Every structure is written in structure tokens, then in C-alpha cells.
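Enquirer: Chains as they are written, first to last, in numbering that gives the first Met the number 0: chain A, 0 to 128; chain B, 0 to 310.
Here a beta-carbon is modelled for each residue, glycine too, at the ideal position from N, C-alpha and C.
Keep in mind the model is a prediction, meaning the values are calculated, not measured.
Got a structure for you, written out below as C-alpha cells; questions coming shortly.
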Amino acid sequence: MEKRIRVLVAKPGLDGHDRGAKVVARALRDAGFEVIYTGIRLTPEQISEAALQEDVNVVALSLLSGAHNTLFPRIVEMMKAKGLDVLTIGGGVIPDADIPGLKAAGIAEVFTPGTPTEKIIEYIKANVK
Amino acid sequence: MDIVAELLNGSKLAISRAITTVENEYDEATEIMQKIYPNTGKAYVIGITGPPGAGKSTLTDKITKEYRSRGKSVGIIAVDPSSPFSGGAILGDRIRMNELTMDDGVFIRSMATRGSLGGMSRKTAEVVKILDAAGKDIVIIETVGVGQSEVDIVKTADTTLVVLVPGLGDDIQAIKAGILEIGDVFAINKADREGVERLNLEMEMMLDLDQSETAWRPKIMRTVASQNQGVVELVDAIEDHSTFLTQSGMLEKHRFERTRNEILAMLDEAIKIYLMKKVAGSKFESLTTEVNERKNDPYSAVKSVLSEVLK
């Protein structure tokens with residue numbers, strides 16, 4: 000059977016705006032990925048645990064609350080502690096100035112508002128392990 | 000990592016990797032299944048099925064919490080459909096089960112159907128065995144939202160729970176064949192809605208018409224899963240069915256049948272692969288041409304291929 004790329008789409012923290020995450024989830028589905036959609040207001044613990052149980056290749060985090068500098072790196076750390084080696088990408092309202100810091104913390108790429116979904120799909124296909 | 004040893008120890012990373020290996024049919028899949036097989040057959044398997052939106056995920060969440068309070072560990076396989084066009088899928092059942100994610104006694108895995116039409120994935124039965132071998136007392140399979148004929152779940156589950164909601168149709172729906180025939184326990188969910196009495200009555204009438212000589216009459220329970228109403232009673236009903244199966248010897252009988260069917264299905268698959276290897280090639284191509292040009296007929300062609308292969 001053909002291997003399918005599995006992506007966890009998750010929204011960490013206290014932010015109920017999931018329109019963007021749903022648009023991305025739908026686009027990834029149409030690109031042939033299996034998308035595990037976990038809903039809103041999750042803790043880093045829940046997200047890293049779901050990534051472990053679902054054995055995903057990619058974790059796509061969406062956040063619009065401004066807490067990305069705290070939450071994104073924590074999720075990366077927790078996944079590492081569980082023995083996971085997962086391509087982790089971020090999206091949402093993220094200032095350009097924060098992007099280098101996030102990349103240094105293990106977020107492979109950051110997609111800000113206005114990014115065409117094709118770009119995210121291409122990025123995943125080119126970089127998935 | 001010795002994936003089998005770790006899996007048998009209950010390591011979540013090992014369980015997760017083993018499931019991927021089996022689902023993607025990697026080379027090591029058969030070896031893993033062979034090694035864990037002696038440790039399977041201990042878990043009690045519950046199938047939860049019903050139409051889309053009936054509340055299967057929410058009910059799975061609440062049933063799992065009830066089993067946890069009774070000291071049982073639980074594995075959950077949540078199946079959602081793959082797109083027939085892109086092959087992709089959105090697996091959204093975890094949304095209703097996020098509270099269970101941090102419970103060490105629960106393991107949840109989402110699976111896409113990957114082209115299978117019976118309400119489950121082709122690999123679901125094997126994933127059940129992985130969770131079973133890893134020590135889960137209860138394994139729950141939540142099927143895709145089904146219509147009327149996706150009844151594969153009965154081939155894998157010990158108890159099948161069919162979730163219904165009031166207001167979906169008139170009473171002729173209840174006497175149709177299909178998912179209403181496979182319930183060992185029925186849950187009328189969203190039972191705070193209008194139409195629950197009528198649905199309950201129709202279901203009882205349907206069961207009255209059942210002429211089969213089984214000693215178990217399916218139980219009809221009422222739940223409001225979102226409010227956690229009726230869940231204790233529902234789990235009691237599932238346990239009653241489990242006790243009935245054990246005491247009547249039916250559980251052993253069913254499991255023997257299941258094992259037989261599994262062997263037959265695997266044999267079927269193996270023979271197909273063997274045959275394809277044997278018949279492939281130019282000889283088969285020319286035979287196909289002969290049949291296509293009406294110089295031969297397919298029935299004779301099959302006969303000659305079989306007598307050749309089975310020599």
C-alpha cells in the first residue's frame with residue numbers, strides 16, 4: 000500500500016479562531032495527505048502526545064493569539080523528549096521579527112497570512128522525512 | 000528499538016510505530032504480527048457504528064471514561080473516510096476526545112479507510128491486535144459514519160453498538176436490512192430530542208419481528224452523550240452482552256469463526272499473489288488476446304490456466 004503523509008493540524012493555547020487551520024486542513028486533504036484535525040485550545044502536552052499516538056510525519060501549528068514564542072518551542076521540545084523526529088511548521092499572525100527565533104527553536108518554516116496553500120503543500124512534500 | 004518487546008511492554012512509541020508499519024504494509028509488518036500474535040485474544044472488542052453526526056465520537060469519549068473509572072485500560076481506533084478523489088482524509092474524531100489524550104491508560108489512533116468500503120480500514124483488525132497485545136483491556140473501534148450496508152464491524156467486534164438519533168426517518172427504515180440487524184446494543188443518542196419515544200417503539204417492534212432463535216435480545220438504551228446521561232447504563236448493557244457471550248459459549252464460537260475467516264482471507268490473498276506471479280508474462284498476454292478476439296472463451300481460458308498452475 001502506498002505510504003500516506005500524515006499531518007497533525009493543531010491549535011495550541013487560548014485562541015478560538017480556527018478558520019485558517021480548517022482551510023489548510025482541507026487543502027492538505029485535497030493534496031492527498033491524511034490530516035488529523037484536533038480542534039482548538041490544546042495544551043503543548045496534548046499536541047505532542049497526539050503526534051506520538053498518531054505517528055505523524057508533520058505537525059502544523061496555527062496560532063493567532065501572540066503566544067507563539069512560548070508555545071511553539073515547547074511543543075518541539077516535548078516531541079523530542081518523546082523520541083519523535085517530526086517536521087514542525089507554524090502559521091498564523093506571526094511578526095517577521097519572531098521568525099528567526101522560532102526557526103532556531105526547531106520550527107522548520109513559518110507561513111504568515113496570505114500564503115497560498117500550494118506553497119505549504121510544496122514545502123511539506125519537499126521536506127517531509 | 001526492539002519494537003515487539005517494547006510494544007508488549009506497552010510503550011506508546013512502539014505501538015504507534017507498529018501501527019504505521021502494518022498500515023503502510025512495510026516489510027517488517029508480517030514479522031511484527033507473527034511475534035505479537037501469541038499475546039492477542041485478551042482484549043474485549045467493542046464496535047461503535049451509526050450514521051454521521053449521531054454522536055459516535057462523543058459517545059466513544061464518554062464510554063471510555065466510564066471504563067477508565069472501572070479500572071480498565073482502553074485502546075481506540077477512530078476511522079474516518081478517505082477521499083475517493085485525492086486519497087487524502089480529514090480525521091477529526093480526536094476533537095471529541097482531547098481530554099483522553101493525556102490519560103496514560105488510553106491510546107487513540109485515527110485511521111483513514113484508504114479505499115475500503117465496509118466502514119473500516121482493511122488494516123483495522125490488525126491494529127486491534129496491536130492494541131490488544133500492548134495490554135489494552137478494551138479496544139473500541141469507531142467506524143466511519145455509515146449508511147445502511149457498511150457492516151464489516153461485526154466481523155471484528157465482540158459487541159456491536161449501533162448509535163441512532165431520533166428524527167432520521169419513518170418506521171420502514173427500521174425493517175430494512177443492514178446496520179439495524181447488527182446491533183447487540185442500540186443507543187438512541189440525543190435522547191432529549193423530539194421523536195425519541197417513537198424511535199424507541201419502532202426499534203422494539205423491529206426486534207419483536209425478529210424470528211431468529213438467539214437468546215440475546217438486543218438492548219435499546221437512551222443517552223445524551225454530550226451531557227453524559229445514560230452512559231453508565233449503556234456500559235452496563237455492553238457488559239451484560241459480554242457476560243451473555245461468555246456464559247453461553249458464543250464468544251468462543253464467534254472467535255473461532257473469526258480466526259477461520261482470517262486464515263481463509265489471508266490464504267485467498269496469498270493465492271492471488273502466487274497466481275498473479277505465475278500467470279503474468281507473454282503466455283497470459285497471448286491468451287488474453289485470443290479471448291478478446293473471440294478465438295477462445297474466458298471460461299476455457301481460466302480452466303487451462305488453472306490446470307497449468309496447479310500441476
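Compare the C-beta of residue 32 (chain A) against all C-beta atoms of chain B and say whether one is closer than 8 Å.
Expert: Numbered from its first residue, the first sequence carries residue 32 (chain A) at position 33. It does; some Cβ of chain B falls within 8 Å.
Enquirer: Taking a Cβ distance cut-off of 9 Å, strictly less, list which residues of the region 52 to 85 of chain A are near chain B, in chain order.
Expert: Cβ contacts with chain B come from 52, 53, 54, 81, 82 and 83.
Enquirer: Using 8 Å as the threshold, is the region 32 to 46 of chain B in touch with the region 78 to 85 of chain A, meaning 3 or more CB pairs across them?
Expert: The region 32 to 46 of chain B is not in contact with the region 78 to 85 of chain A.
Enquirer: So residue 132 (chain B) is in the alpha helix (DSSP H); what residue range does that whole segment cover?
Expert: Taking the second sequence and counting its residues from 1, one reaches residue 132 (chain B) at position 133. Segment 123 to 132, the alpha helix (DSSP H) holding residue 132 (chain B).
Enquirer: Interface residues of chain B around residue 48 (chain A) at Cβ under 9 Å?
Expert: The residue labelled residue 48 (chain A) in the question sits at position 49 within the first sequence. The contacting residues are 11, 100 and 101.
Enquirer: Are the beta-carbon atoms belonging to residue 32 (chain A) and residue 6 (chain A) less than 8 Å from one another?
Expert: To locate residue 32 (chain A), count along the first sequence from 1; it is residue 33. To locate residue 6 (chain A), count along the first sequence from 1; it is residue 7. Yes, the pair counts as a contact, with Cβ atoms nearer than the cut-off.
Enquirer: Just to confirm the assignment, what range does the beta strand (DSSP E) spanning residue 267 (chain B) have?
Expert: By one-based count along the second sequence, residue 267 (chain B) stands at place 268. Unbroken run through residue 267 (chain B) is the alpha helix (DSSP H), 249 to 278; no beta strand (DSSP E).
Enquirer: Please report the distance separating the alpha-carbon of residue 12 (chain A) from that of residue 199 (chain B).
Expert: In the first sequence, the residue the question calls residue 12 (chain A) occupies position 13. In the second sequence, the residue the question calls residue 199 (chain B) occupies position 200. Rounded to the nearest angstrom, the two C-alpha atoms are 42 Å apart.
Enquirer: Cβ atoms of residue 191 (chain B) and residue 234 (chain B): under 8 Å apart, would you say?
Expert: Here residue 234 (chain B) refers to the residue found at position 235 of the second sequence. Here residue 191 (chain B) refers to the residue found at position 192 of the second sequence. No; because the gap between Cβ atoms is not below 8 Å, this pair is not in contact.
Enquirer: At the level of alpha carbons, what is the spacing between residue 186 (chain B) and residue 194 (chain B)?
Expert: Along the second sequence, read from residue 1 onward, the residue named residue 186 (chain B) stands at position 187. Along the second sequence, read from residue 1 onward, the residue named residue 194 (chain B) stands at position 195. The alpha-carbon atoms of residue 186 (chain B) and residue 194 (chain B) are separated by roughly 14 Å.
Enquirer: Does DSSP classify residue 246 (chain B) as helix, strand or coil?
Expert: For the purposes of this step, residue 246 (chain B) is taken as the residue at position 247 of the second sequence. Residue 246 (chain B) falls in the helix class under three-state DSSP.
Enquirer: Should residue 255 (chain B) be labelled buried (16 or more other beta-carbon atoms within 10 Å of its own) or exposed?
Expert: As a working mapping, residue 255 (chain B) is identified with position 256 in the second sequence. Exposed is the call here.
Enquirer: Interface residues of chain A around residue 90 (chain B) at Cβ under 9 Å?
Expert: Walking along the second sequence from the start, residue 90 (chain B) turns up at place 91. 5, 33, 34, 35, 36 and 53, listed in chain order.
Enquirer: Along the region 87 to 114 of chain A, where does the CB come closer than 9 Å to a CB of chain B? Name the residues.
Expert: Correct list: empty, as no residue qualifies.
Enquirer: Which stretch, first to last residue, makes up the beta strand (DSSP E) that contains residue 9 (chain A)?
Expert: Locating residue 9 (chain A) in the first sequence gives position 10, counting from the first residue. Unbroken beta strand (DSSP E) run through residue 9 (chain A): 5 to 9.
Enquirer: Using DSSP with H/G/I as helix, E/B as strand and the rest coil, what is residue 4 (chain B)?
Expert: Position 5 of the second sequence, counting from 1, holds the residue named residue 4 (chain B). Helix.
Enquirer: Suppose the cutoff is 6 Å on Cβ atoms and the five residues either side in sequence are ignored; what does the same chain contact list for residue 30 (chain A) look like?
Expert: Residue 30 (chain A) sits at position 31 when you count from the first residue of the first sequence. If we look at residue 30 (chain A) and ignore the five residues flanking it on each side, its Cβ neighbours are 120.
Enquirer: Evaluate contact between the region 109 to 118 of chain A and the region 5 to 23 of chain B, counting only Cβ atoms and requiring at least three cross-stretch pairs below 8 Å.
Expert: The region 109 to 118 of chain A vs the region 5 to 23 of chain B: no contact.
Enquirer: Would you be able to state if there are at least three C-beta pairs under 8 Å between the region 53 to 66 of chain B and the region 92 to 100 of chain B?
Expert: Taking 8 Å as the limit for Cβ pairs, the verdict is that the region 53 to 66 of chain B does touch the region 92 to 100 of chain B.
Enquirer: Can you check whether the CB of residue 106 (chain B) is closer than 8 Å to the CB of residue 135 (chain B)?
Expert: Working through the second sequence from its first residue, we reach residue 135 (chain B) at position 136. Working through the second sequence from its first residue, we reach residue 106 (chain B) at position 107. Yes, these two residues count as a Cβ contact at 8 Å.
Enquirer: Consider the Cβ of residue 87 (chain B): report whether some Cβ of chain A lies at a distance smaller than 8 Å.
Expert: Numbered from its first residue, the second sequence carries residue 87 (chain B) at position 88. It does: the Cβ of residue 87 (chain B) has a partner Cβ on chain A nearer than 8 Å.
Enquirer: Rounded to the nearest angstrom, what separates residue 118 (chain B) and residue 166 (chain B) at their Cα positions?
Expert: What you label residue 118 (chain B) is simply residue 119 of the second sequence in a count that begins at 1. What you label residue 166 (chain B) is simply residue 167 of the second sequence in a count that begins at 1. Going by the C-alpha atoms only, they are around 23 Å apart.
Enquirer: Tell me, to the nearest whole angstrom, how far the beta carbon of residue 53 (chain B) is from that of residue 163 (chain B); I am working on the premise that it is less than 8 Å.
Expert: The residue labelled residue 53 (chain B) in the question sits at position 54 within the second sequence. The residue labelled residue 163 (chain B) in the question sits at position 164 within the second sequence. The pair is a contact, with the Cβ atoms about 6 Å apart (cut-off 8 Å).
Enquirer: Considering only C-alpha positions, which residue in the set B:202, B:286 and B:197 is nearest to residue 301 (chain B)?
Expert: Residue 301 (chain B) sits at position 302 when you count from the first residue of the second sequence. Nearest option by C-alpha distance: B:286.
Enquirer: Would a C-beta distance cut-off of 8 Å place residue 75 (chain A) and residue 34 (chain A) closer than the cut-off?
Expert: Numbered from 1 along the first sequence, position 76 holds the residue referred to as residue 75 (chain A). Numbered from 1 along the first sequence, position 35 holds the residue referred to as residue 34 (chain A). No; because the gap between Cβ atoms is not below 8 Å, this pair is not in contact.
Enquirer: Mind checking which residues open and close the beta strand (DSSP E) that includes residue 110 (chain B)?
Expert: As a first step, residue 110 (chain B) is located in the second sequence; it is residue number 111 there, counting from the start. Note, residue 110 (chain B): beta strand (DSSP E), 105 to 111.
Enquirer: Going by DSSP in three states, residue 18 (chain A) sits in which element: helix, strand or coil?
Expert: Counting from 1 along the first sequence, the entry for residue 18 (chain A) is found at position 19. Residue state, collapsed to three classes: helix.
Enquirer: Can you pull the chain B neighbours of residue 29 (chain A), defined as C-beta to C-beta under 9 Å?
Expert: Here residue 29 (chain A) refers to the residue found at position 30 of the first sequence. By Cβ distance, chain B contributes 82, 84, 85 and 87.
Enquirer: Leaving out five residues before and five after residue 226 (chain B) in sequence, what residues of the same chain have Cβ atoms less than 8 Å from its Cβ?
Expert: For the purposes of this step, residue 226 (chain B) is taken as residue 227 along the second sequence, with counting starting at 1. Excluding positions up to five away in sequence, the list reads 191.
Enquirer: The beta strand (DSSP E) that contains residue 67 (chain B), what's its start and end?
Expert: Taking the second sequence and counting its residues from 1, one reaches residue 67 (chain B) at position 68. Residue 67 (chain B) -> not in any beta strand (DSSP E); alpha helix (DSSP H) instead, spanning 55 to 68.
Enquirer: Between residue 156 (chain B) and the rest of its own chain, which residues show a CB-CB distance below 7 Å, the 5 nearest in sequence each way excluded?
Expert: Here the question's residue 156 (chain B) lines up with position 157 in the second sequence. Closer than 7 Å at Cβ, skipping near neighbours: 44, 45, 46 and 140.
Enquirer: Should residue 41 (chain A) and residue 10 (chain A) be called a contact, given that it needs their Cβ atoms to be closer than 8 Å?
Expert: Working through the first sequence from its first residue, we reach residue 41 (chain A) at position 42. Working through the first sequence from its first residue, we reach residue 10 (chain A) at position 11. Yes.
Enquirer: In the structure shown, what three-state DSSP assignment does residue 89 (chain B) receive?
Expert: Indexing the second sequence from 1 puts residue 89 (chain B) at position 90. Correct three-state label for residue 89 (chain B): strand.
Enquirer: Return the chain-ordered list of same chain residues with a C-beta closer than 6 Å to the C-beta of residue 123 (chain A), the five sequence neighbours on each side being excluded.
Expert: The residue you call residue 123 (chain A) lines up with position 124 of the first sequence. Answer for residue 123 (chain A): 57, listed in chain order.
Enquirer: Do you know offhand how far residue 100 (chain A)'s Cα is from residue 49 (chain A)'s?
Expert: The residue you call residue 100 (chain A) lines up with position 101 of the first sequence. The residue you call residue 49 (chain A) lines up with position 50 of the first sequence. Approximately 25 Å, taken between the alpha carbons.
Enquirer: Quick check: the Cα distance between residue 37 (chain A) and residue 291 (chain B), rounded to an integer number of angstroms?
Expert: Within the first sequence, the letter at position 38 stands for residue 37 (chain A). Within the second sequence, the letter at position 292 stands for residue 291 (chain B). Roughly 52 Å between the two C-alpha positions.
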